[in-house]
Amino acid sequence: MDKMVWRVGLVVLGATGCAEGVTADPFELASGIYELSTVAFDGDCVLEDAISPGDEYVGKVVRVDATVRDSSVSLEVCDDFFEDECFAAPFISPISMIREEDDLYASEPNWEVPGCLCFDAYRGEREILGAVVEDGRAELVWSFTLPAAPPDCTCTVGACVGTVTQRLLFLSGGS
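Dropping the structure here:
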């Protein structure tokens, strides 16, 4: 019995040692036009004119122009007025994420909240965690925290938090 345990231990150790140095190639995520669809929303923030919309936009799809490099991915929302080409939407800032293999990440502790005009910039926090889950497709989770809008703003947003889950799907080559 001791010989059997010893042999099983060697086989397990050998298999672990062989597999330890093997890593899979990252999935392909090319520069180009992607569809960004909102899958789920959780929280009490409703943001307009943002790349991370509120719950009334679950199921909404926007086109984004992605610039993909080895260590980063940048998304720029396409203006819906232009059906065939992607021109950047004028009031939505691009999003840049760090890419490490198939993992995507961004943190904006001083995020200027879109869609709320204020005398001074209205800022919150936003974090993006994501993963490239197959060639041409990524899953993103956006989490944000907002303080109450200052009194000199055109909007009346109370302090809130939210999480948006979105799917990024490749449509065509870059612009």
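When the letters of the sequence shown are read in order and numbered with the numbering used here, they come out as residues 58 to 232. For every residue, glycine included, the Cβ atom is placed at its ideal position computed from N, Cα and C.
{"query": "Supposed contact pair Asp101 and Gly219 - C-beta distance, whole angstroms, cut 8 Å", "result": "7 Å"}
{"query": "Where Tyr179 falls: helix, strand or coil (DSSP)", "result": "coil"}
{"query": "Buried versus exposed, by CB contacts within 10 Å (16 or more), Tyr91", "result": "buried"}
{"query": "Thr202 versus Glu133 - alpha carbon distance", "result": "22 Å"}
{"query": "Range covered by the beta strand (DSSP E) that runs through Arg194", "result": "194-203"}
{"query": "Span separating the alpha-carbon of Val168 from that of Asp141", "result": "According to the sequence provided, residue 168 is Trp. The question's Val does not apply to it. Answer to the nearest angstrom: the Cα atoms are 31 Å apart."}
{"query": "Straight-line gap, Tyr162 to Lys117 (C-alpha atoms, nearest Å)", "result": "23 Å"}
{"query": "Whether Arg156 touches Ser131 by CB criterion (7 Å)", "result": "no"}
{"query": "Lys60 versus Gly193 - alpha carbon distance", "result": "Only weak support exists for where Lys60 lies, its pLDDT of 44 falling under 50; the value from the coordinates is given anyway. Looking at the two C-alpha atoms, the distance is approximately 50 Å."}
{"query": "Alpha-carbon to alpha-carbon, Phe84 and Thr124", "result": "16 Å"}
{"query": "CB contact flag (Ser200, Gly89, <7 Å)", "result": "no"}
{"query": "Phe84 CB to nearest heavy atom of the ligand PLP below 6 Å", "result": "Summarising the ligand content, the structure contains no ligands, and the ligand PLP is consequently not present."}
{"query": "Residue of Thr211, Cys217, Val198 minimising C-alpha distance to Trp223", "result": "Correcting the residue type first, residue 223 is Gln in the shown sequence and not Trp. Among Thr211, Cys217, Val198, the Cα nearest to that of Gln223 belongs to Val198."}
{"query": "Separation of Pro171 from Pro208, as counted between CA atoms", "result": "16 Å"}
{"query": "Rounded C-alpha distance that separates Thr95 from Phe148", "result": "20 Å"}
{"query": "Closest by C-alpha distance to Asp82, when choosing among Cys135, Asp136, Glu158", "result": "Glu158"}
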